[in-house]
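Notes to accompany the following structure.
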Amino acid sequence: QSGQEEPLKNVLVTGGAGYIGSHVVYTLLKTRQYKVISIDNHHNSLPASLTRVSELALEEHKASLGPNAQLSQRDIDSTIIDAHDCDLTNHSAVREIFGKYYSSENGKGGIWGVVHIAAYKAVGESTSIPLTYYQNNVSATISLLSIMLEFNCARLVYSSSATVYGTPPEVPIPERTRREADSPYGRTKVMCEMVVEDLCESNGNAVADGTCHLVVSLVIRFHHLTTTTTGSTSTPFQAISLRYFNPAGAHPSGRIGEDPRGRPGNLLPLLAHMAVGRVKDPVLKVFGNDYPTVDGTCVRDYLHVLDLAGGHVLALQALQEGSTLNGKVFASVKAGKGKFKAYNLGKGKGMSVLQIVEAMRKATGFEYKTEVVGRRRGDVPALIADPSLARTELGFDAPHDLETMCRDLWNWQKGNPAGYV
Ligand code: WQD
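For the sequence shown, full-length UniProt numbering begins at 10 and goes up steadily by one.
Encoded structure:
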């Protein structure tokens, strides 16, 4: 059946207001198959991003229906985002949200799946405040997973990272590569993948000693839910981990984009801030040009943020029982068993720092000045994805080229010089 007749699936996106999150939410709205709930503590985002996402999706949907078309209730519902300004470490607040959607009709309704993007992600910062990173990235994830079990929510798309590979033994990097992160940030991603993997292997059973049952019954009484749950999901826990390489660019409308707090740590948003005049003394410090690469500067695999977002929709479709993607991705899974699968999301193409600077010079017309300085702690010479598994099993593709990424990034930045105000 086409998405039009199916009831909307409730999907919770954590970090939904962020750079990646807002583009993922936009792409979910475009499918008109999901009712999106967003949780974001706005540590590195503003609520305005989701307001714009909802407006953009509705405008584009209206345009696709033609001038005199009447919007159905479903059309409207599928572009409204239920946005919550809340921290994932606030267990009761997150549980409240799950409870709001949980209904007793034999486990129907409720939150169908979770796309877990919220995390702190600055590699350098993680070396100076590791506990904050473990608290925010790891314990918040464990808390989220336990709430998912309480409410029979057994589908997860997890935002992971190429940093799980540390300095990879080979480039391009296949998913079978050992995970050996060399920063607290990267280690939080490895740990979360392992937690999810073990949960899938355990088939999603809850805490053995029954504390979860106690908690569940308290929750149910509190929420006046008529049904009792067993404290473990009735369906096996299935999870797909998406290992992001370097997302870049923005939606071509220029309405949404990357809006980091303070001076950007990442190369592309920093170059955009320089070109729009947000950086005093705009000299780009190039962190080392003595790497074994094409021009001595670090090489990364940049992909358009909308291609990355598309990978999340494919992952959700692969988690949908009975879908063709589900059959392909989880073909080897015995019936009733949980399963964890990881995929690289990248183009499989590397670009050096200097090549990025040149591409941004062309896109912005800004004459960048560069100064070579020492290497940055935690940097590795080259991170390039082998994206073949995502291509064959998920049907993933990242067709946008670097010129498009830079053009879309600049279109966003010049139209929003101070970001979301
Ligand atoms: C790219 C290259 C720098 C700034 C990011 C995220 C990380 C992960 C992967 C999510 C590097 C060089 C940068 C500057 C420079 N994403 N550079 N001067 O390091 O690959 O990591 O993507 O999981 O969380 O941080 O991206 O944009 O920081 O750096 O020379 O002022 O540009 O050395 O080689 P990175 P980046």
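All C-beta atoms in this analysis are idealised placements derived from N, C-alpha and C, irrespective of residue type, glycine included.
According to DSSP, residue 7 sits in a beta bridge with which residue or residues? Outside the shown range of the chain, which is 10 to 430, sits residue 7, and nothing can be said about it.
Determine which residues share a DSSP beta bridge with K44 and list them. Taking the sequence shown and counting its residues from 1, one reaches residue 44 at position 35. According to DSSP, K44 bridges with N19.
Express the C-alpha separation of P269 and residue 445 in angstroms, rounding to a whole number. This structure leaves residue 445 out entirely; the chain is present only between 10 and 430.
Given 8 Å as the limit, tell me if A57 has its C-beta closer than that to any heavy atom belonging to the ligand WQD. As a working mapping, residue 57 is identified with position 48 in the sequence shown. No, since every heavy atom of the ligand WQD falls outside the 8 Å radius drawn around the Cβ of A57.
Have a look at A248, T176, E68, D410 and flag the residue whose alpha-carbon is nearest the alpha-carbon of T186. Here residue 186 refers to the residue found at position 177 of the sequence shown. Closest option to T186, Cα to Cα, is T176.
Please determine, among T60, E105, S112, T150, the residue with the shortest C-alpha to C-alpha distance to residue 445. Nothing about residue 445 can be read from this structure; the chain reaches only from 10 to 430.
Measuring from the CB of D406, is there a heavy atom of the ligand WQD at a distance below 8 Å? Residue numbering aside, residue 406 sits at position 397 when the sequence shown is read from its first letter. Incorrect: D406 has no Cβ contact closer than 8 Å to the ligand WQD.
So, for N50: in the same chain, excluding its five sequence neighbours on each side, which residues have a beta-carbon less than 6 Å away from its beta-carbon? The residue given as residue 50 occupies position 41 in the sequence shown. For N50, where only same-chain residues beyond five positions count, the Cβ hits under 6 Å are D96.
Strictly by DSSP, which residues pair up with T379? Residue mapping note: residue 379 aligns to position 370 of the sequence shown, counting from 1. L293, per the DSSP bridge assignment.
Helix, strand or coil at F107 according to DSSP, with G and I counted as helix: One-based indexing of the sequence shown puts residue 107 at position 98. F107: helix per DSSP, three-state reduction.
Counting only the same chain and skipping the five closest in sequence on each side, list residues whose C-beta sits under 7 Å from that of residue 7. Nothing in the structure corresponds to residue 7, since the chain is present only between 10 and 430.
By alpha-carbon positions, which one of K356, V285, L293, T401 ends up nearest to Y253? To locate residue 253, count along the sequence shown from 1; it is residue 244. Minimum Cα distance to Y253 is reached at K356.
Would you say residue 432 touches the ligand WQD, meaning its beta carbon is less than 8 Å from a heavy atom? The displayed coordinates of the chain run from 10 to 430. Any statement about residue 432 would go beyond what the structure contains.
What did DSSP end up calling K198 once you bin it into helix, strand or coil? Taking the sequence shown and counting its residues from 1, one reaches residue 198 at position 189. Correct three-state label for K198: helix.
For T373, count neighbouring C-beta atoms within 10 Å of its own C-beta (all shown protein chains included) and say buried if the count is 16 or more, exposed if not. As a position in the sequence shown, residue 373 is number 364, starting the count at 1. When all chains shown are included, T373 counts as buried.
Apart from the five residues on each side of it in sequence, which residues of its chain come closer than 7 Å, Cβ to Cβ, to D191? Translated into the one-based positions of the sequence shown, residue 191 becomes position 182. Contacts found: G175, T176, G387.
To the nearest angstrom, how far is it from the Cα of V22 to the Cα of E367? Here residue 22 corresponds to residue number 13 of the sequence shown, with the count starting at 1. Here residue 367 corresponds to residue number 358 of the sequence shown, with the count starting at 1. When rounded, the distance between both Cα atoms is 35 Å.
Cβ atoms of V132 and R164: under 9 Å apart, would you say? The residue labelled residue 164 in the question sits at position 155 within the sequence shown. The residue labelled residue 132 in the question sits at position 123 within the sequence shown. No, Cβ-Cβ distance for R164 and V132 is not below 9 Å.
Compute the distance between the beta-carbons of G345 and P256, then report whether it is under 9 Å. Here residue 345 corresponds to residue number 336 of the sequence shown, with the count starting at 1. Here residue 256 corresponds to residue number 247 of the sequence shown, with the count starting at 1. Against a cut-off of 9 Å, the Cβ pair of P256 and G345 comes out as no contact.
Are the CB atoms of I46 and Y110 nearer to each other than 9 Å? Looking up residue 46 in the sequence shown gives position 37. Looking up residue 110 in the sequence shown gives position 101. Their beta carbons are under 9 Å apart, which means I46 touches Y110 by this criterion.
Between the alpha carbons of residue 484 and D406, how many angstroms are there, rounded? The structure shown does not extend to residue 484, since the chain is modelled only from 10 through 430, so no value can be given for it.
Per DSSP, which residues does G118 bridge with? Please list them. Taking the sequence shown and counting its residues from 1, one reaches residue 118 at position 109. Paired residue(s): Y111.
Please classify K350: is it buried, with 16 or more other beta-carbons within 10 angstroms of its beta-carbon, or exposed? Here residue 350 is taken as the residue at index 341 of the sequence shown, counted from 1. Buried.
Can you give the beta carbon distance from D94 to P56, rounded, assuming they're within the 8 Å contact cut? As a first step, residue 94 is located in the sequence shown; it is residue number 85 there, counting from the start. As a first step, residue 56 is located in the sequence shown; it is residue number 47 there, counting from the start. The pair is a contact, with the Cβ atoms about 7 Å apart (cut-off 8 Å).
Counted within 10 angstroms of its Cβ, other Cβ atoms place G428 as buried (16 or more) or exposed: In the sequence shown, counting from the first residue as 1, residue 428 sits at position 419. With 16 or more Cβ atoms within 10 Å of its Cβ, G428 is classed as buried.
Does at least one heavy atom of the ligand WQD sit under 8 Å from the Cβ of L354? Numbered from its first residue, the sequence shown carries residue 354 at position 345. Flag unset: Cβ of L354 not near the ligand WQD.
Residues bridged to residue 435 [DSSP beta-bridge criterion]: Beyond the ends of the chain as shown, which are 10 and 430, falls residue 435; an answer cannot be given.
Are the Cβ atoms of L323 and H260 separated by less than 9 Å? Here residue 323 corresponds to residue number 314 of the sequence shown, with the count starting at 1. Here residue 260 corresponds to residue number 251 of the sequence shown, with the count starting at 1. No.
Can you round the beta-carbon distance between G297 and T413 to whole angstroms, since I take them to be within the 8 Å contact cut? What you label residue 297 is simply residue 288 of the sequence shown in a count that begins at 1. What you label residue 413 is simply residue 404 of the sequence shown in a count that begins at 1. Not a contact, Cβ separation roughly 28 Å.
Check: I138 C-beta below 8 Å from any heavy atom of the ligand WQD: Within the sequence shown, the letter at position 129 stands for residue 138. No.
In angstroms, rounded to a whole number, what distance separates the CA positions of P278 and K423? Your numbering for residue 278 matches position 269 in the sequence shown. Your numbering for residue 423 matches position 414 in the sequence shown. The alpha-carbon atoms of P278 and K423 are separated by roughly 12 Å.
Based on Cα-Cα distance, which residue from V34, R384, E159, G118 lies nearest to S101? Looking up residue 101 in the sequence shown gives position 92. If we check each option's Cα against that of S101, E159 comes out closest.
N146 (DSSP reduced to helix, strand or coil): Locating residue 146 in the sequence shown gives position 137, where the first residue counts as 1. Here N146 sits in helix by DSSP.
Go through its chain and collect everything with a Cβ distance to G274's Cβ below 7 Å, but skip five positions before and after it. If you number the sequence shown from 1, residue 274 lands on position 265. Excluding positions up to five away in sequence, the list reads A131, G133.
Are the beta-carbon atoms belonging to I156 and N19 less than 9 Å from one another? Here residue 156 is taken as the residue at index 147 of the sequence shown, counted from 1. Here residue 19 is taken as the residue at index 10 of the sequence shown, counted from 1. No. Outside cutoff.
Taking the straight line between their C-alpha atoms, what separation do you get for S73 and S58? Start at 1 with the first residue of the sequence shown, and residue 73 comes out as number 64. Start at 1 with the first residue of the sequence shown, and residue 58 comes out as number 49. Whole-angstrom Cα-Cα distance: 22 Å.
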